[in-house]
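See structure below.
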Amino acid sequence: MEMEKEHRSSHPRLVLVPLPFQGHINPMLQLGSILHSKGFSITVLHTAFNSPIPSNYPEFGFVSIPDNLSEQLISADDLLPFISLLNLNCGVPFQECLAKMVQKQEVENEPSIACIVYDECMYFCDAVAKYVKLPSIVLRTTSASTYLSRNAILQLKAEGVLNSQGTSTNIQGAVAYLISALESLFNIFYLGSTSQDLVPGLHPLRFKDLPVSKIGTPEIFLQFITNIYKTRTSSAIIWNTNDVLEQPSLQEIQKQCEVGIFPVGPLHEVAPASSSLIKEDNSCITWLEKQKQNTVLYVSLGSVASVDKKELGEMAWGLANSKQPFLWVIRPGSVDDQEWKKLLTEGFVEAVGENGCIVKWAPQKEVLAHGAVRGFWTHCGWNSTLESISKGVPMICKPCFGDQRVNGRHVSQVWRIGIQLENMCERGEVERAIKRLMVDKEGKEMRQRAKNLKERIQLDIREGGSSYNYLNKLIELIMSF
0 MEMEKEHRSS HPRLVLVPLP FQGHINPMLQ LGSILHSKGF SITVLHTAFN SPIPSNYPEF
60 GFVSIPDNLS EQLISADDLL PFISLLNLNC GVPFQECLAK MVQKQEVENE PSIACIVYDE
120 CMYFCDAVAK YVKLPSIVLR TTSASTYLSR NAILQLKAEG VLNSQGTSTN IQGAVAYLIS
180 ALESLFNIFY LGSTSQDLVP GLHPLRFKDL PVSKIGTPEI FLQFITNIYK TRTSSAIIWN
240 TNDVLEQPSL QEIQKQCEVG IFPVGPLHEV APASSSLIKE DNSCITWLEK QKQNTVLYVS
300 LGSVASVDKK ELGEMAWGLA NSKQPFLWVI RPGSVDDQEW KKLLTEGFVE AVGENGCIVK
360 WAPQKEVLAH GAVRGFWTHC GWNSTLESIS KGVPMICKPC FGDQRVNGRH VSQVWRIGIQ
420 LENMCERGEV ERAIKRLMVD KEGKEMRQRA KNLKERIQLD IREGGSSYNY LNKLIELIMS
480 F
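For the sequence shown, the residue numbers in numbering that gives the first Met the number 0 are 0 to 480.
The structure is reproduced here in structure tokens:
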């Protein structure tokens, strides 16, 4: 256990425990920055794997705990077993670390720990907090709609309509829609179904949009969502969303929840700082400066998603044939662990010329805020979706897995600020989608709706807005501990 940085203060201390992936670390650290600005001391307890960079947050304390993860597991890209093992391995060192912190605050008159705030995927924290008699709060980094859609899957299982293999236990007695639901879920789990049927009670989601995992068995996935959504003994739930985007879903969740929920997002708008685990290439900002205002399509599929070589080629020629300027992020390792220059077909670079810029990683929030950017082709991870909405940038949605499907459906059908690519990338379809967003009247209308949504969100995080008010209520709750 390594104490990387210590920070003394007379204010109550909060202990934050993020899941060690980019899309989870940033919201947790942004939340920490917000709470620090309200007078709390912040200590981040993190795993050795993907540890945050302390120098980016000099006002925080950082403590590393051993995770005992093998290189084989880390390189396997199998998220569910990874998270499960992380929870098994980290409980004891986390408890030992907390015990030392509590002992130190008593002996050296250190700030007392008011509360533990942990990522929903680090659910081992709940039992440890209970053991050391400290309150805990959960941070959810996905959308409220994702929660409801995953809960719907659990409900089918709980009602006996699905057994652990995803097959029916009582087909004869099930009503018609549940039979349809069963068949669709079975196909999603095992056959990669593209069922267009709407999920009852989850409009506008179709069964193909449900955030299931195609990695591993349905049983492993069902156990995973059971683990992350069990309330346990936590005192509250913080959500990186807000009423502007998801009020009906949030109201439904509060009816189901035994504790208060606090939708205080988008966190990145309240605390703009972030910590990238991948080195950002700022040369793309120089390239953007040379482009005409409101002309560039930004393309990035996030920090985890990957594409195959054929799909990369179709994306490339769809971009080239659209004749629209583009900034394209091709993350190292996202395409068969090869450099993009070795994978793009001959003639592409020559065809594009100065009309395109390709980098390994970009400062995304800065890119989306740049005046040259007109649209965003995204995988629809929740952070990327929030960042695009917050800057009024409409989207081309190409979800890859999990909650990205739910987000993409809401972008295209609920907020109507984007176009969803439904199939495997084909250059003709890619070109048409780009022109619809960047050139056609349809794209202009989406851009106006995106601008309106951006303005509503800005009002929501200011004094009198719902996110602002929920944040104050959250602080009152923590102080009551």
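Ideal placement from N, C-alpha and C gives every residue a C-beta, glycine not left out. Please read all numbers here as calculations on a predicted model, not as lab measurements.
Minimum Cα-Cα distance from residue 248 among the listed residues 272, 150, 326 corresponds to 150. By the CB criterion at 7 Å, residue 269 and residue 460 fall inside the cutoff.
Residue 279 is not a Cβ neighbour of residue 381, given a cutoff of 7 Å.
Closest in C-alpha terms to residue 414, from the list 425, 434, 466, 387, comes 387. Here the alpha carbon of residue 67 sits roughly 17 Å from the alpha carbon of residue 16. The three-state secondary structure of residue 56, taken from DSSP, is coil. DSSP places residue 328 in the strand class (E or B) of the three-state scheme.
Scanning 40, 228, 444 for the CA closest to the CA of residue 154 turns up 228. For residue 138, the three-state secondary structure derived from DSSP is strand.
Between residue 14 and residue 112, the gap from beta carbon to beta carbon is short of 7 Å.
Residue 261 is positioned such that its CB atom lies no closer than 7 Å to that of residue 30. Following the DSSP letters along the chain, one finds residue 296 inside the beta strand (DSSP E) bounded by residues 295-299.
A residue is called buried once 16 or more other Cβ atoms fall within 10 Å of its Cβ, and residue 202, having fewer, is exposed.
Around the beta carbon of residue 36, fewer than 16 other beta carbons sit within 10 angstroms, so the residue counts as exposed.
The beta-bridge partner set that DSSP reports for residue 376 consists of 298, 395.
Cβ contact annotation for residue 122 (same chain, cutoff 8 Å, sequence separation greater than five): 86, 226, 227, 229, 231, in chain order.
Judged by beta-carbon spacing, residue 351 lies within the 7 Å limit of residue 319, meaning their Cβ atoms are closer than that value.
A residue is called buried once 16 or more other Cβ atoms fall within 10 Å of its Cβ, and residue 208 is buried on that count. Put simply, of 469, 34, 321, 362 the residue whose alpha carbon is nearest the alpha carbon of residue 347 is 321.
Going by DSSP, residue 442 is part of the alpha helix (DSSP H) stretching over 440-459. Residue 40 is positioned such that its CB atom lies no closer than 7 Å to that of residue 134. Counting only runs of 3 or more residues that sit fully inside the stretch 385-434, the beta strand (DSSP E) segments are 394-396, 417-419, in chain order. Restricted to the stretch 222-293, the alpha helix (DSSP H) segments that are unbroken, complete and at least 4 residues in length are 242-255, 266-269, 282-288, listed in chain order. Contact annotation: residue 272 and residue 32 have beta-carbon atoms nearer than 7 Å. Between residue 283 and residue 211, the gap from beta carbon to beta carbon reaches 7 Å or more.
In the structure shown, the three-state DSSP call for residue 368 is coil.
For residue 35, the uninterrupted alpha helix (DSSP H) run begins and ends at 21-36, by DSSP. From the listed residues 114, 313, 140, the smallest Cα separation to residue 426 is found for 313.
If you draw a straight line from the Cα of residue 412 to the Cα of residue 385, it comes to about 16 Å. Under the three-state reduction of DSSP output, residue 321 falls in the helix class.
The straight-line gap separating the alpha-carbon atoms of residue 258 and residue 448 is approximately 34 Å. In the displayed model, residue 356 falls within a strand according to three-state DSSP.
Comparing alpha-carbon positions, the option among 416, 410, 93, 391 lying closest to residue 454 turns out to be 391.
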